[in-house]
Each structure stands twice: as structure tokens, then as C-alpha cells.
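Residue numbers (our numbering): 52 to 187.
The C-beta atom is built at its ideal place from N, Cα and C for all residues, glycine as well.
Take a look at the structure below.
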């Protein structure tokens, strides 16, 4: 992928993201699963960028150059933590609404945001056998 690697600081993480496309394009956040990384979306980013979308492909917590800010933060892959990471990433990037695409862990994060903050989601595309459990 030829996207630029950016680091986005949230309250919990320094999230490494690959960002491509026009800065004012429709934001599309592409979320990988475990044990993969942003390479999953290498074939999707160029056509989305060419169509005028701004793609954001983060390394999820525990992957690649994404780092926890505090050694005291519990290391968790729970769906609540993943959803929190995603909404904080959107806030840090000033993305009021975005298309969310994900599978496995990324799909869970996307579904949590869609369930708890539906006004922040332009559309939702997920894949995988499990997404949200016990949202209530």
C-alpha cells in the first residue's frame, strides 16, 4: 500500500494508521482482524481512493506500530475496548461520520460503534462468524 503512515493519539493508544485519498473525501475506515494487519486491504485502497474516498486503515491494538500510552492499561481484545478504540480514532481524526468496513476483531469494533453511535456510521460492512455479543 502506498498510503502514508500516520500516528493518531487517543486517550489510550498511539494508533498507527495508513491514510490515503483526498483529505475531504468520504471517510472509509477499514478494520483488520486477528492475526492480520492493514495489508488485508491493499487491493481495496487504490480503487476507493480513485473514487474520491479517504481511507483510514489502522493497526488495531496489539498490532504493528500501534502502542498503548500507559503500561497500566489492561491489554484486552474485548469488544468494548475495540469499539472504544474506534470511536476515539474517529474523534481524534474529526470524523463525524464514516463508512466502517471490518472482519473478525475489526468487524466487532465496527458493530459496536454502529450499535452505540449509529449517527456516526454512514454504512457498515462486516464479515465473520461473530460480531457483537451482549450489546445490552
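Minimum C-alpha distance to residue 164 - residue among 86, 136, 88:
The sequence position of residue 164 within the chain shown is 113, counting from 1. Closest by alpha carbon: 136.
Range of the contiguous beta strand (DSSP E) that encloses residue 71
Translated into positions along the chain shown, residue 71 becomes position 20. Taken as a continuous stretch (DSSP letters only), the beta strand (DSSP E) holding residue 71 covers 64-71.
For residue 120, collect the residues of the same chain with a Cβ closer than 7 Å to its Cβ; drop the 5 residues on either side in sequence, then sort them by chain order.
Along the chain shown, read from residue 1 onward, the residue named residue 120 stands at position 69. Excluding positions up to five away in sequence, the list reads 63, 64, 65.
Secondary structure, beta strand (DSSP E): runs of 3+ residues fully inside the stretch 105-176:
149-154
Bridge partners of residue 178, per DSSP?
The count along the chain shown starts at 1 and reaches residue 178 at position 127. According to DSSP, which records beta bridges pairwise, residue 178 is partnered with 154.
For residue 101, the three-state DSSP class (helix, strand or coil)
The residue labelled residue 101 in the question sits at position 50 within the chain shown. Helix.
Given a cut-off of 9 Å, decide if residue 92 and residue 70 are closer than it, judged by their beta-carbon atoms.
Start at 1 with the first residue of the chain shown, and residue 70 comes out as number 19. Start at 1 with the first residue of the chain shown, and residue 92 comes out as number 41. Contact: no.
Simplified DSSP state of residue 86, which is helix, strand or coil:
Locating residue 86 in the chain shown gives position 35, where the first residue counts as 1. Secondary structure of residue 86 (DSSP, three-state): coil.
What are the start and end residues of the beta strand (DSSP E) that includes residue 54?
For the purposes of this step, residue 54 is taken as the residue at position 3 of the chain shown. That residue, residue 54, is in no beta strand (DSSP E); it is neither H nor E in DSSP.
Answer with buried or exposed for residue 60, where buried requires no fewer than 16 other C-beta atoms within 10 angstroms of its C-beta.
Residue numbering aside, residue 60 sits at position 9 when the chain shown is read from its first letter. Exposed, since its Cβ has fewer than 16 Cβ neighbours within 10 Å.
Closer than 8 Å by C-beta to residue 55: which residues in its own chain qualify, once you throw out the five before and the five after it? Chain order, please.
Locating residue 55 in the chain shown gives position 4, counting from the first residue. Closer than 8 Å at the Cβ level, and outside the excluded window around residue 55, lie 69, 70, 71.
If we call anything under 9 Å between Cβ atoms a contact, is residue 166 one with residue 152?
Translated into positions along the chain shown, residue 166 becomes position 115. Translated into positions along the chain shown, residue 152 becomes position 101. No. Outside cutoff.
Rounding to the nearest angstrom, what Cα-Cα distance links residue 188 and residue 122 in this structure?
In the structure as shown, the chain starts at 52 and stops at 187, and residue 188 therefore has no counterpart that could be examined.
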